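*Asks:* Just so you know, we're using our numbering here: the sequence shown kicks off at 4 and counts up by one. We put the beta carbon where it would ideally sit given N, CA and C, even for glycine. Keep in mind it's a predicted model, so treat the numbers as computed, not measured.
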Amino acid sequence: MNKPICSLLLLLSSSFVLAACGGRGEAQSSTVAEVSITLNQTSATLEQYETLTLTAEVVGSSDEVIWTSGDNEIASVQNGKVTALKAGQVTITASVGGKKATCEVTVTALSQAPRIVMSDIEVSVDKDQTYPIDAYVLYKNEKIEATLEFSLKDGATENIAEVSYQNEKISVKGLAYGETTYIVHTKVLGITLSQVLRVKVSNSSLRLALKNATAIDDVYGIELINEKVSGDDSEYQTEFTPEVEFTEKGNPASYALTYTSSNEEIAKWENGKIVAKKNGEATLKISCEEFALSLQIDVTVYKGAYNLVLKNVNEDGTDTTTKVAAGKFPSDPTLNGKTFIGWYDLDGTPVEKIVDDTTLVARYTKEYRDLGNESLMEFSEIRDDYEAVDDDHKLVQTRSAGDKAADIAEGKYPNVKGQGVFLPWEWWVEKGGGW
């Protein structure tokens with residue numbers, strides 16, 4: 004009985020051994036697939052902050068593909084998503100199983116920066132009311148997804164308004180009367196964008212305006228002079244009385260008004276009038292502080308008169324001081340035997356317009372007659388170079404020019420030497436003795 008059982012066990016053992024040996028032989032003879040990797044793109048051009056998704060086709064491996072950038076400052080890559088960061092060229096590499104595939108990426112600078120677009124950047128809203136503003140980010144003339152956020156500008160008043168953003172709209176709700184400023188900001192394409200939003204919460208049933216002045220962009224402008232002197236026929240005045248219109252729903256309002264000036268040394272309020280003090284610019288306001296309502300008047304004050312020192316205007320040589328209205332000149336001086344030709348500065352330059360307090364020097368020509376008026380000479384007292392004398396100041400001669408020049412050179416006319424510049428003999432010789 005035991006002998007047949009042993010034979011059967013031996014037979015089964017042999018079968019298992021043969022099966023095992025046969026399986027190992029088949030594995031050794033099979034072909035192992037070679038690993039390869041290819042990308043869907045081998046080159047690409049991106050504008051700064053654009054993205055590109057590369058895909059890798061892998062054969063012969065189930066390992067994870069490793070992505071790297073040759074320069075992370077130019078472009079970064081994560082799981083095949085390439086983000087362009089700054090202009091330049093970079094190689095993006097995908098690796099698996101010791102094999103690599105690359106894509107050459109060229110990054111160009113932004114041709115057009117994104118920007119925040121808002122339908123209003125200055126709003127006025129009633130207390131407890133809401134004002135909507137269309138707002139979005141535009142890039143290459145197309146809207147792009149962005150979330151706008153808000154922060155108070157440094158120094159701006161808190162709790163005047165409440166602002167929020169949803170579905171491409173900013174909502175501004177008035178909380179308290181006053182004015183404040185927000186910075187609207189977001190970050191898109193790696194760029195931080197910002198825009199200013201000015202908010203005024205007031206009572207729209209109130210109206211504050213001037214009847215006798217015109218406002219441009221809600222700002223009035225007036226021009227005054229600080230002094231008006233005799234002879235000033237201009238329309239400029241030294242003061243202005245504004246006719247204030249202050250109403251509530253069309254009826255006269257009785258709320259208190261305050262009057263302020265940014266610089267009272269230039270222009271100030273006096274009994275309801277704006278009075279000019281000195282030349283410059285100042286901003287004056289009329290305000291109803293209870294409702295944060297105000298109107299602005301930009302005042303420009305010009306110098307209405309200039310203080311002048313006049314030289315060479317008196318026979319005794321003394322100076323004269325005077326004032327002239329803006330745009331005017333002093334009267335022409337008169338000295339015996341001289342013809343006034345104009346006002347000059349201390350450097351000898353003709354003065355064409357007076358723009359400040361200054362010193363003016365009167366210049367003249369003088370006529371000298373002799374021999375029964377047969378000869379007339381005119382000497383300029385302002386020129387040393389007679390080559391440049393214009394026709395009006397040339398010598399008019401009815402007899403021998405050479406004789407006259409010789410007489411002067413010999414000192415026969417000492418008053419000419421003392422009063423003006425005479426034509427030297429050498430000049431006459433050069434000119435051939437005449438004009």
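Please classify Ser-32 as buried or exposed, where buried requires at least 16 other C-beta atoms within 10 Å of its C-beta.
*Replies:* Translated into the one-based positions of the sequence shown, residue 32 becomes position 29. Note that Ser-32 has pLDDT 43, beneath the 50 cutoff, so the model's placement of it is unreliable and the number below is only indicative. Exposed: under 16 other Cβ atoms inside 10 Å.
*Asks:* For the stretch 302 to 368, list the beta strand (DSSP E) runs that are entirely contained and at least 3 residues long, ordered along the chain.
*Replies:* Fully enclosed beta strand (DSSP E) runs of no fewer than 3 residues occupy 308 to 314, 323 to 328, 341 to 347 of the stretch 302 to 368, in order along the chain.
*Asks:* Contact between the stretch 61 to 79 and the stretch 87 to 101 is defined here as three or more beta-carbon pairs at a separation below 8 angstroms; is this criterion met?
*Replies:* As far as the Cβ criterion goes, the stretch 61 to 79 touches the stretch 87 to 101, which means the pair count is three or higher.
*Asks:* Whole angstroms is fine: what's the gap from Val-68's alpha carbon to Ser-98's?
*Replies:* Taking the first residue of the sequence shown as 1, we reach residue 68 at position 65. Taking the first residue of the sequence shown as 1, we reach residue 98 at position 95. The straight-line gap from Cα to Cα measures roughly 6 angstroms.
*Asks:* Report the rounded CA-to-CA distance for Ala-270 versus Phe-243, giving the unit in angstroms.
*Replies:* Mapped onto the sequence shown, residue 270 falls at position 267. Mapped onto the sequence shown, residue 243 falls at position 240. Approximately 10 angstroms, taken between the alpha carbons.
*Asks:* Quick one: give me the first and last residue of the beta strand (DSSP E) that Ser-46 is part of.
*Replies:* Taking the first residue of the sequence shown as position 1, residue 46 is located at position 43. Run containing Ser-46: 46 to 50, per the beta strand (DSSP E) assignment.
*Asks:* May I have the straight-line CA-CA distance separating Ala-279 from Glu-246, to the nearest angstrom?
*Replies:* Residue 279 sits at position 276 when you count from the first residue of the sequence shown. Residue 246 sits at position 243 when you count from the first residue of the sequence shown. For Ala-279 and Glu-246, the distance between alpha carbons rounds to 17 angstroms.
*Asks:* What are the start and end residues of the beta strand (DSSP E) that includes Val-108?
*Replies:* What you label residue 108 is simply residue 105 of the sequence shown in a count that begins at 1. Its beta strand (DSSP E) spans residues 102 to 111.
*Asks:* Would you tell me roughly how many angstroms separate the C-alpha atoms of Tyr-223 and Cys-291, rounded to the nearest one?
*Replies:* On the sequence shown, position 220 is the one that residue 223 refers to. On the sequence shown, position 288 is the one that residue 291 refers to. Rounded to the nearest angstrom, the two C-alpha atoms are 17 angstroms apart.
*Asks:* Tell me the DSSP secondary structure of Glu-148 in three-state form.
*Replies:* Here residue 148 refers to the residue found at position 145 when the sequence shown is read from its first residue. Correct three-state label for Glu-148: coil.
*Asks:* Ala-159 and Glu-230 - do their beta-carbons sit closer together than 9 angstroms?
*Replies:* Residue 230 sits at position 227 when you count from the first residue of the sequence shown. Residue 159 sits at position 156 when you count from the first residue of the sequence shown. It is not a contact, given that the beta carbons lie outside the stated cut-off.
*Asks:* On a Cα-Cα basis, can you pick out the residue from Ala-112, Trp-346, Ala-295 that is closest to Glu-208?
*Replies:* For this step, residue 208 is matched to residue 205 along the sequence shown. Checking the sequence, you will find Ser at residue 208 rather than Glu. For Ser-208, the nearest C-alpha among the options comes from Ala-295.
*Asks:* What residue range does the beta strand (DSSP E) around Gly-177 cover?
*Replies:* On the sequence shown, residue 177 is found 174 positions in, with the first residue counted as 1. Looking at the DSSP string, the run of the beta strand (DSSP E) that includes Gly-177 is 172 to 177.
*Asks:* Decide if Thr-183 is buried, meaning its Cβ has at least 16 other Cβ atoms within 10 Å, or exposed.
*Replies:* Within the sequence shown, numbered from 1, the residue matching residue 183 stands at position 180. The residue is buried, with at least 16 neighbouring Cβ atoms inside 10 Å.
*Asks:* With the cut-off set at 9 angstroms, would you say Asp-123 and Val-204 are in Cβ contact?
*Replies:* Start at 1 with the first residue of the sequence shown, and residue 123 comes out as number 120. Start at 1 with the first residue of the sequence shown, and residue 204 comes out as number 201. Cβ atoms of Asp-123 and Val-204: not closer than 9 angstroms.
*Asks:* Any idea if Ile-225 is buried or exposed, counting beta-carbon neighbours within 10 angstroms, 16 or more meaning buried?
*Replies:* On the sequence shown, position 222 is the one that residue 225 refers to. Counting Cβ neighbours within 10 Å, Ile-225 comes out buried, since at least 16 surround it.
*Asks:* By Cβ distance below 8 angstroms, which residues in the same chain neighbour Phe-343 in space, the five residues on each side in sequence not counted?
*Replies:* Within the sequence shown, numbered from 1, the residue matching residue 343 stands at position 340. So the qualifying residues of the chain are Asp-335, Pro-336, Thr-337, Ala-365, Arg-366, Tyr-367.
*Asks:* Can you tell me whether DSSP reads Glu-292 as helix, strand or coil?
*Replies:* Working through the sequence shown from its first residue, we reach residue 292 at position 289. Looking at Glu-292 - three-state DSSP - the assignment turns out to be helix.
*Asks:* Excluding the 5 residues flanking Ala-112 on each side, which residues of the same chain have their C-beta closer than 6 angstroms to its C-beta?
*Replies:* On the sequence shown, position 109 is the one that residue 112 refers to. Closer than 6 angstroms at Cβ, skipping near neighbours: Gln-51, Ala-90.
*Asks:* Is it true that the CB of Gly-330 sits closer than 9 angstroms to the CB of Ser-237?
*Replies:* Within the sequence shown, numbered from 1, the residue matching residue 237 stands at position 234. Within the sequence shown, numbered from 1, the residue matching residue 330 stands at position 327. Yes; because the gap between Cβ atoms is below 9 angstroms, this pair is in contact.
*Asks:* Using a Cβ-Cβ cutoff of less than 6 angstroms, which residues in the same chain neighbour Thr-133 once the five nearest sequence positions on both sides are dropped?
*Replies:* By one-based count along the sequence shown, residue 133 stands at place 130. Within the same chain, Ser-174, Lys-176 come within 6 angstroms of Thr-133 by CB-CB distance, once the 5 residues on both sides are set aside.
*Asks:* Please classify Ile-219: does DSSP put it in a helix, a strand, or coil?
*Replies:* Your numbering for residue 219 matches position 216 in the sequence shown. Three-state result, Ile-219: strand.
*Asks:* Let me make sure I understand the geometry here. Which of Gly-283, Val-38, Ile-289 has the alpha-carbon closest to that of Lys-276?
*Replies:* Residue mapping note: residue 276 aligns to position 273 of the sequence shown, counting from 1. Looking at the Cα atoms, Ile-289 is the closest of the given residues.
*Asks:* Could you check whether Thr-105 and Leu-178 sit closer than 9 angstroms to each other, using their CB atoms as the reference points?
*Replies:* Position 175 of the sequence shown, counted from the first residue, corresponds to residue 178. Position 102 of the sequence shown, counted from the first residue, corresponds to residue 105. No.
*Asks:* Would you grab the beta carbon distance between Val-327 and Ile-357 for me? Rounded to a whole angstrom, and I think it's under 8 angstroms.
*Replies:* Here residue 327 refers to the residue found at position 324 of the sequence shown. Here residue 357 refers to the residue found at position 354 of the sequence shown. Their Cβ separation, rounded to whole angstroms, is 7 angstroms, which keeps Val-327 and Ile-357 in contact under 8 angstroms.
*Asks:* Please list the terminal residues of the continuous beta strand (DSSP E) segment that includes Thr-58.
*Replies:* Position 55 of the sequence shown, counted from the first residue, corresponds to residue 58. From DSSP, Thr-58 is part of no beta strand (DSSP E); its letter is neither H nor E.
*Asks:* Just verifying my parser: in three-state terms, what is the DSSP assignment at Asp-235?
*Replies:* Start at 1 with the first residue of the sequence shown, and residue 235 comes out as number 232. In the structure shown, Asp-235 sits in coil (DSSP, three-state: anything other than H, G, I, E or B).
*Asks:* Using 9 angstroms as the threshold, is the C-beta distance between Leu-196 and Leu-298 below it?
*Replies:* Along the sequence shown, one-based indexing puts residue 196 at 193. Along the sequence shown, one-based indexing puts residue 298 at 295. The answer is no: Cβ separation not under 9 angstroms.
*Asks:* Taking the C-alpha atoms as reference points, what is the distance between Ile-300 and Ile-163?
*Replies:* In the sequence shown, residue 300 corresponds to position 297, counting from 1. In the sequence shown, residue 163 corresponds to position 160, counting from 1. Their Cα atoms are separated by approximately 25 angstroms.
*Asks:* When DSSP labels each residue in this structure, what does Asp-123 get in the three-state scheme?
*Replies:* Mapped onto the sequence shown, residue 123 falls at position 120. Coil, per DSSP.
*Asks:* With distance defined between alpha-carbon atoms, name the residue in Glu-248, Asp-66, Gly-320, Lys-281 nearest to Lys-214.
*Replies:* Locating residue 214 in the sequence shown gives position 211, counting from the first residue. With distances taken between Cα atoms, Lys-214 lies closest to Glu-248.
*Asks:* Less than 7 angstroms between C-beta atoms, sequence neighbours within five positions excluded: which residues of the same chain meet that for Thr-109?
*Replies:* Position 106 of the sequence shown holds residue 109. Correct list, in chain order: Thr-48, Gln-92.
*Asks:* Could you round the C-beta distance between Leu-363 and Leu-313 to whole angstroms and report it? I think they count as a contact, below 8 angstroms.
*Replies:* Here the question's residue 363 lines up with position 360 in the sequence shown. Here the question's residue 313 lines up with position 310 in the sequence shown. Right, their Cβ atoms sit about 5 angstroms apart.
*Asks:* Quick one, which of Thr-352, Val-62, Lys-281, Thr-263 has its alpha-carbon nearest Asn-274's?
*Replies:* In the sequence shown, residue 274 corresponds to position 271, counting from 1. Nearest to Asn-274 by alpha-carbon distance, out of Thr-352, Val-62, Lys-281, Thr-263, is Thr-263.
*Asks:* Nearest by alpha-carbon distance to Asp-142: which of Asn-254, Val-120, Asp-157 is it?
*Replies:* Sequence index remark: in the sequence shown, residue 142 carries index 139 (1-based). Here residue 142 is Tyr; the residue named in the question, Asp, does not match the sequence. For the residues Asn-254, Val-120, Asp-157, the minimum Cα distance to Tyr-142 belongs to Val-120.
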